[in-house]
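2 protein chains.
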Amino acid sequence: MKRFSAFAFALMMIVSPLPLFADDGMWTFDNPPRKQWKERYNFEPSDAWLEHVRLASVLVEGSSGSFVSSSGLLMTNHHVASGQLQKLSTSERNLRRDGFYAATQPEELKCPDLEVNVLVSYEDVTARVQGAAKTTASDKEANEARNAQRATIEKESTDKTGLRSEVVALYRGGEYWLYRYKKYNDVRLVFAPEEQTAFFGGDYDNFTYPRYCLDVTFLRVYENGQPLKTQNYLKWSAQGPADGEFVLAIGNPGSTNRLLTLAQVQYQRDVGNPLQMQLWSSRREALLRYGATGPEAARRALNTVRSLSNSIKRLVGQQDGLNNQRMMAKKEQDEKALRAAVSSRPEFQQAYGSAWDEIANAYKELPTYAKRIAFSTISYSRLGQIGSTLVRYSEEVVKSNDARYEEFRDSKLESLKFSLFSPAPIYADAEEAILGAWLAEAQQTLGADDPFIRAALQDSTPSALAKSVISGTRLNDVAVRRALFEGGAEAIKKSDDPLIALARRIEPIVRELRAWNEEKIQSVETAAGQKIAAARFAVLGRNVYPDATASLRISYGRVLGYEEDTTLVPYKTTYSGLYDRAISFDEKPPFDLTARWRDGKAKLDLATPMNFAYTADTIGGNSGSPVINRNAEVVGLNFDSNIQKLPNRYWYVDETEGGRALAVHSSAIIEALRKLYGAEKLAAEITGR
Amino acid sequence: MKRFSAFAFALMMIVSPLPLFADDGMWTFDNPPRKQWKERYNFEPSDAWLEHVRLASVLVEGSSGSFVSSSGLLMTNHHVASGQLQKLSTSERNLRRDGFYAATQPEELKCPDLEVNVLVSYEDVTARVQGAAKTTASDKEANEARNAQRATIEKESTDKTGLRSEVVALYRGGEYWLYRYKKYNDVRLVFAPEEQTAFFGGDYDNFTYPRYCLDVTFLRVYENGQPLKTQNYLKWSAQGPADGEFVLAIGNPGSTNRLLTLAQVQYQRDVGNPLQMQLWSSRREALLRYGATGPEAARRALNTVRSLSNSIKRLVGQQDGLNNQRMMAKKEQDEKALRAAVSSRPEFQQAYGSAWDEIANAYKELPTYAKRIAFSTISYSRLGQIGSTLVRYSEEVVKSNDARYEEFRDSKLESLKFSLFSPAPIYADAEEAILGAWLAEAQQTLGADDPFIRAALQDSTPSALAKSVISGTRLNDVAVRRALFEGGAEAIKKSDDPLIALARRIEPIVRELRAWNEEKIQSVETAAGQKIAAARFAVLGRNVYPDATASLRISYGRVLGYEEDTTLVPYKTTYSGLYDRAISFDEKPPFDLTARWRDGKAKLDLATPMNFAYTADTIGGNSGSPVINRNAEVVGLNFDSNIQKLPNRYWYVDETEGGRALAVHSSAIIEALRKLYGAEKLAAEITGR
């Protein structure tokens, strides 16, 4: 990302050298990087240390959080909790915009459909899953056998323990682990700042640094109607991290593609990412058009627009990495080296050598199917999603557990119902706008003769169909959903709900495309991925980490500034900088301050650190991760990455590239709670003082 | 300079569109861009307005400044005056580091060798200069004839008016103007902040923005021992500029290369700039080695190291522009379009058509000579420069005025002597280090058999020769210089001063290379440049501006932030940001604060604007330019450009590229004078309140 490749020698004398480490890896708790920790940072945690921080960490809203008091106080990002803040808001009471603080426990607000999961145990089931597939089976058969085995293991575990149980595929199928989660559904809102304070600088500053965001929300987990009593919580660091300090982040990174083959990465660059960009851009455009119809519409659209903007900006950064010839050359070189090592040993070559070409061959067909797979759905409308889920569930639930689609297995049904029967409001005008625009974009992309388009539209137009199904459906009534869910295939078949009818019409096409993808792509990827993973273990040993899979990981690195465009970016920012940036724009949105912050300036110590940058290996899903020091004390709250870091989906962006994870500084949180929010009691609960 | 060319469409919806103007041009006062001003900004200044701001502007230290009170108070940058601050400093009293304020006029310190020039009149002498060359003459003869005519005109004018008179070649010889300057030599230091305050962020932040520098110094011009009384001074704007406000900058931009042909620009990219980089890098390296020998050596080396770092960073930015294929393609396209317009009219083709090829042909030989020309000199050592000047002067002064090298013509002699006989200290240890390193680099580059190397070193080594000539020379005694200057060729011939001997030995080689360059390159460039200029006038009309030539110009634009790497950069910064940046680095140099600023934080209104960015077309030499509003009030003090702007040596970097000039905000100056420096009296003189 440096501007000057030529002539860089001339600048080197200005720049002081730093010791360089590649602090890469989102490590599983069964295989932490003890060697690197010891060698680089003289850090040798006990098993108890690791267990403690694991049990203090949670999966929440597909992202991360941590317990920070013995009374179930949970810290995550405002942007992780913002969906709940939205659901708790009405047109009269905008908690998301205005913030919230419950000075006493009775004032805490119950989130309508928030689930918190704690990884309480894990178990290696690789042999059982891999052994389920006969060696003579086709890729498709082997895949089905493994999936069936995974479902069986999950069900056994759920039945036995009552815990949410999930078999996670690591190393692209190189390992399988049974993860068991303790689940909490009674989660209440304790504190949130105003969104403008949490998201200062808006989409412009998103993925940038220096940064000035107080992106924090505190929730409280209840058990049996009482605040959860736990000793597995993280203590608070009063002073936060020093420049260069060793820190760790624990969380649930969603997805990385580092173990993909070159052919897969090239597909992403040339087909997958451009298609994704089209999907997100057209959806955002539709929402912006809807939001422009009035202030209430704007409020309703805001969350998804923001999320899409965020996704688009991230995708741009990732694509920028793929277009970086130097990085791509390194990927190519790494793959060549691994393949050379494999081919140098006949037994390796025999076992793994064909994997790369198998994937490359499978991918040859993918570009023609990719658009159909992407557009043949109505699930970006919430009601469309409910309709399709009900139709699909009715067909799946009658199958044996291990023959079902993964998301309809017994182990998933409770969460499925929790989401399906959520009382959160659904806005018909927004639904109609979203569904109509989606169908129009699909029609334009796939053509009028495409099977999905014909089935969905019949003789109607996108906008007319959207209008008729949304105005006619009764699926926004939770009782109606529940009746259809419980009524099974018969109820679905008989339903004259227009959205159910639409979902029924497209279902065969969705299933056909899914089957094609599973057979032609995923089965091959899994089979070949398993070989490549085994090859990597054989060649590189076990000191490697798997791709991110939305399951719990531990990352590490240093708090560290960087060089950008011939100058230095500091390791931290301060409250002074927040006011500088706001006033420098004459407080023009999104650089405006809330009244609390504008009027409260004199109450704050402006030298208080606000955000900081660090080198740990994180990605989307790490939002809300606690950043801790070697004493397992919270020094910060991860909330973003800078744009230089985005290509780390495909490879670790090392610290010399300027890639950094970003965190809210622990001091900033306490200073604001005490001085601006009158939340002395909460600050005391957090700090123990 | 944007990171993302692909996918940029996706971001466009986030970014609000701005009306775009190319506010380019460093315009001469005889041809201001009245049309653009009126159309874009509804600005129609009177002739009196233009004369007033011209007479309030000065040329100082090769840069710019302006009168800001009726008592001769002159404002420029700290970095423009820093050479004088250095010369006024001793190892006991470091004015440059610690700053200075004269609360009363008697305390003002006289600068040892500072000259201030005001452009009091100008006159078109194009016909006379161009007419001096016979149409049958060779390029070399024509060049000599024009130069002789220029010298004659200058001498006539000096004799007649007593004013410093200079014939300036504009439009690469398309026009010649006689500029007459009123000169002031009695200039005294009134106020300077600490250098750390003026140059906060050091080399790292140089050429970057957002920025937090109070880069200002106030001097006072005296005439006949009394403060100069003048009505030609700029009034002060209390509030400074608003976002988007129309502003103008007046100053002496040094050099641009926009009218160069594609062949010339490609030469810069491929040969000229890399060679320049070598020269500056090796000089800086030598000074850093010297500076590392002790704190006093470091202090002595600092000014030149900083200036070289600055030059290197600038060159890197310029070269980055030349390596920008899109920009280079535009240059190519512009040249093609002009040549096509020329060749479409037979009379144009006949008169101008050959010019581009003439330059391209001449340049074919240049790469082989360029290294010799660059390295065959000893003038980067101050004593070497004095020695060479004395030797060269003795050979030139005996010639008729118009046959001399330009810098030895009568009109230049007073300034030459002022510099040559300056009592400013020269440090022998630094001189030896610089000269030795220079000769070593030259030897390595040119080879031991090169004529310059043989003449300079004879049988010695670079370091031994440097040691012997610097330890043996008496040229650091002003009286010795004066005697040699006045003794003429005979005194030079007889001198046994080892530096004079060295200068004598290399002089024939320097002259031979200069003659080659003048005949083979400069003559051709001038002749062809004149044709191209005429072709441009013929095709484009007179609403064009010449390349910068270190003479007075007026530029204009808007105060405006910009977009960089997906976020926005504000149009201004504040004192809050200074403290943010300092504390964010834990005040690690060069981001430290002086005690005055650290301890004085509470005295300041931290919301005071500090620096701002604007779109006017400026370049090195514009340092110290007043930035004024349409009422001719000072709203800022130009001090730098951001790095995006550096390619504007070769073409105007329009506002969409993010190129910006940078200025100190008028409010920042007054706030600091009043609240931190106890300089209420000075603030009152400036603001009239």
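These protein sequences, in sequence, are chains A and B. Take the first sequence: its position 666, counted from the start at 1, is 666 in the numbering used here, and no numbers get skipped. Take the second sequence: its position 668, counted from the start at 1, is 668 in the numbering used here, and no numbers get skipped. Using N, Cα and C, we set each Cβ at its ideal position, and we do this for glycine too. No experiment lies behind these values; they were computed from the predicted model shown.
1) Using CA atoms only, rank isn't needed, just tell me which of A/377, A/602 and A/550 is closest to residue 60 of chain A.
2) Mind checking if residue 568 of chain A is an interface residue toward chain B, Cβ cutoff 8 Å exclusive?
3) Thinking just about the alpha-carbon of each residue, which of A/648, A/523, A/145 and A/278 is nearest to the one in residue 403 of chain A?
4) Keeping to the same chain, check which residues put their C-beta closer than 8 Å to that of residue 534 of chain A; ignore five residues upstream and five downstream.
5) Evaluate contact between the stretch 179–198 of chain B and the stretch 152–166 of chain B, counting only Cβ atoms and requiring at least three cross-stretch pairs below 8 Å.
6) Give a yes or no on whether the minimum CB-CB distance between residue 697 of chain B and chain A is below 8 Å.
7) Using the Cα positions of residue 401 of chain A and residue 409 of chain A, report the straight-line distance between them to the nearest angstrom.
8) Starting from the beta carbon of residue 88 of chain B, find every residue of chain A whose beta carbon is closer than 8 Å, and list them in chain order.
9) From the DSSP output, in three-state form, read off residue 688 of chain A for me.
10) Measuring alpha carbon to alpha carbon, tell me which residue in A/197, A/626, A/572 and A/672 is nearest residue 243 of chain A.
11) My parser needs the alpha helix (DSSP H) runs of 4 or more residues fully inside the stretch 288–372 of chain A; what are they?
12) Using 8 Å as the limit for Cβ to Cβ distance, is residue 237 of chain A near chain B?
13) At 3 residues or longer, and completely inside the stretch 77–163 of chain A: list those beta strand (DSSP E) runs for me, N to C.
14) Please confirm whether residue 119 of chain B has its beta-carbon closer than 8 Å to some beta-carbon of chain A.
15) With a 10 Å radius around its C-beta and 16 neighbouring C-beta atoms as the bar for buried, classify residue 472 of chain B as buried or exposed.
16) Going by beta carbon distance, what residues of the same chain come within less than 8 Å of residue 539 of chain B, once the five residues before and after it are set aside?
17) Within 8 Å of any Cβ in chain B, is that where the Cβ of residue 457 of chain A sits?
18) Between residue 594 of chain A and chain B, is there a C-beta pair that is closer than 8 Å?
19) In chain order, what residues of the same chain lie with their CB nearer than 8 Å to the CB of residue 153 of chain A, ignoring the 5 residues before and after it?
20) Is the CB-CB distance between residue 207 of chain B and residue 646 of chain B below 8 Å?
21) Quick one: does residue 293 of chain B have its CB under 8 Å from some CB of chain A?
22) Which class does residue 640 of chain B belong to by DSSP, given the choice of helix, strand or coil?
23) Mind checking who residue 470 of chain A pairs with in its DSSP beta bridge?
24) Expressed to the nearest angstrom, what Euclidean distance is found between the alpha-carbon atoms of residue 321 of chain B and residue 377 of chain A?
25) Let me make sure I understand the geometry here. Which of B/501, B/577 and B/643 has the alpha-carbon closest to that of residue 583 of chain A?
26) Going by DSSP, what residue range makes up the beta strand (DSSP E) through residue 628 of chain A?
27) Determine contact between the stretch 133–145 of chain B and the stretch 77–84 of chain B, defined as no fewer than three beta-carbon pairs at a distance below 8 Å.
28) So, is residue 93 of chain B buried or exposed, given that buried needs 16 or more other C-beta atoms within 10 angstroms?
29) Assuming residue 217 of chain B contacts residue 78 of chain B under a Cβ cut-off of 8 Å, what Cβ separation, rounded to an integer in Å, is found between them?
30) Is there contact between the stretch 261–271 of chain A and the stretch 637–645 of chain A, where contact requires at least three CB pairs shorter than 8 Å?
31) In three-state terms, what does DSSP make of residue 231 of chain B?
32) With a CB to CB cut of under 8 Å and the five nearest residues on each side skipped, what residues in its chain are close to residue 236 of chain B?
33) Report the neighbours of residue 577 of chain A on chain B: residues whose CB is nearer than 8 Å to its CB, in chain order.
34) Going along the chain, which residues of its own chain have a beta-carbon closer than 6 Å to the beta-carbon of residue 355 of chain B, five neighbours each way excluded?
35) Are the C-beta atoms of residue 214 of chain B and some chain A residue less than 8 Å apart?
36) Does residue 270 of chain B have its Cβ less than 8 Å from a Cβ in chain A?
In short, the structure shows the following:
1) Position 60 of the first sequence, counted from the start, is the residue given in the question as residue 60 of chain A. Considering only alpha carbons, the answer is A/550.
2) Indexing the first sequence from 1 puts residue 568 of chain A at position 568. Cβ-Cβ to chain B under 8 Å: yes for residue 568 of chain A.
3) Taking the first sequence and counting its residues from 1, the one referred to as residue 403 of chain A is at position 403. Looking at the Cα atoms, A/145 is the closest of the given residues.
4) In the first sequence, the residue the question calls residue 534 of chain A occupies position 534. Here the set comprises 174, 351 and 352.
5) yes
6) Any answer about residue 697 of chain B is impossible in this case: the structure gives chain B only from 1 up to 689.
7) The residue you call residue 401 of chain A lines up with position 401 of the first sequence. The residue you call residue 409 of chain A lines up with position 409 of the first sequence. Roughly 6 Å separates the two Cα atoms.
8) Residue mapping note: residue 88 of chain B aligns to position 88 of the second sequence, counting from 1. What residue 88 of chain B touches in chain A: nothing, since even the nearest Cβ is about 28 Å away.
9) On the first sequence, residue 688 of chain A is found 688 positions in, with the first residue counted as 1. Here residue 688 of chain A sits in coil by DSSP.
10) Here residue 243 of chain A refers to the residue found at position 243 of the first sequence. The residue with the shortest Cα to Cα distance from residue 243 of chain A is A/572.
11) 295–322, 325–343, 346–352 and 355–363
12) Translated into positions along the first sequence, residue 237 of chain A becomes position 237. Answer no: the Cβ-Cβ gap between residue 237 of chain A and chain B never drops below 8 Å.
13) 116–124
14) Here the question's residue 119 of chain B lines up with position 119 in the second sequence. Closer than 8 Å: no.
15) Numbered from its first residue, the second sequence carries residue 472 of chain B at position 472. Exposed is the call here.
16) Numbered from its first residue, the second sequence carries residue 539 of chain B at position 539. Taken in chain order, the residues that qualify are 338, 341, 342 and 348.
17) Sequence index remark: in the first sequence, residue 457 of chain A carries index 457 (1-based). Using beta-carbon distances, residue 457 of chain A does not count as an interface residue toward chain B, since no partner is under 8 Å.
18) Counted from its first residue, the first sequence places residue 594 of chain A at position 594. Residue contact check for residue 594 of chain A against chain B: no CB pair falls below 8 Å.
19) Within the first sequence, numbered from 1, the residue matching residue 153 of chain A stands at position 153. Cβ neighbours of residue 153 of chain A beyond the five flanking positions: 125, 128, 129, 165, 167 and 178.
20) In the second sequence, counting from the first residue as 1, residue 207 of chain B sits at position 207. In the second sequence, counting from the first residue as 1, residue 646 of chain B sits at position 646. Yes, the Cβ-Cβ distance between residue 207 of chain B and residue 646 of chain B is below 8 Å.
21) In the second sequence, counting from the first residue as 1, residue 293 of chain B sits at position 293. So, not an interface residue.
22) Position 640 of the second sequence, counted from the start, is the residue given in the question as residue 640 of chain B. DSSP places residue 640 of chain B in strand when its eight states are reduced to three.
23) Locating residue 470 of chain A in the first sequence gives position 470, counting from the first residue. Paired residues: none, contrary to the question.
24) Within the second sequence, numbered from 1, the residue matching residue 321 of chain B stands at position 321. Within the first sequence, numbered from 1, the residue matching residue 377 of chain A stands at position 377. Whole-angstrom Cα-Cα distance: 47 Å.
25) As a working note, residue 583 of chain A is residue 583 in the first sequence. It is B/577.
26) Position 628 of the first sequence, counted from the first residue, corresponds to residue 628 of chain A. Note, residue 628 of chain A: beta strand (DSSP E), 626–628.
27) no
28) Indexing the second sequence from 1 puts residue 93 of chain B at position 93. Under this definition residue 93 of chain B is an exposed residue.
29) Position 217 of the second sequence, counted from the start, is the residue given in the question as residue 217 of chain B. Position 78 of the second sequence, counted from the start, is the residue given in the question as residue 78 of chain B. Indeed, because the Cβ distance is near 5 Å, the residues count as touching under 8 Å.
30) With a cut-off of 8 Å, the stretch 637–645 of chain A and the stretch 261–271 of chain A do not count as touching, because too few Cβ pairs lie within range.
31) Position 231 of the second sequence, counting from 1, holds the residue named residue 231 of chain B. It is coil, neither helix nor strand.
32) By one-based count along the second sequence, residue 236 of chain B stands at place 236. 68, 633, 634, 666, 670, 686, 687 and 688.
33) Residue numbering aside, residue 577 of chain A sits at position 577 when the first sequence is read from its first letter. Within chain B, the residues near residue 577 of chain A are 576, 577, 580, 581 and 584.
34) By one-based count along the second sequence, residue 355 of chain B stands at place 355. Closer than 6 Å at Cβ, skipping near neighbours: 528, 531 and 532.
35) Taking the first residue of the second sequence as position 1, residue 214 of chain B is located at position 214. No, residue 214 of chain B does not count as interfacial toward chain A.
36) The sequence position of residue 270 of chain B within the second sequence is 270, counting from 1. For residue 270 of chain B, the answer is no, since every Cβ of chain A falls outside 8 Å of its Cβ.
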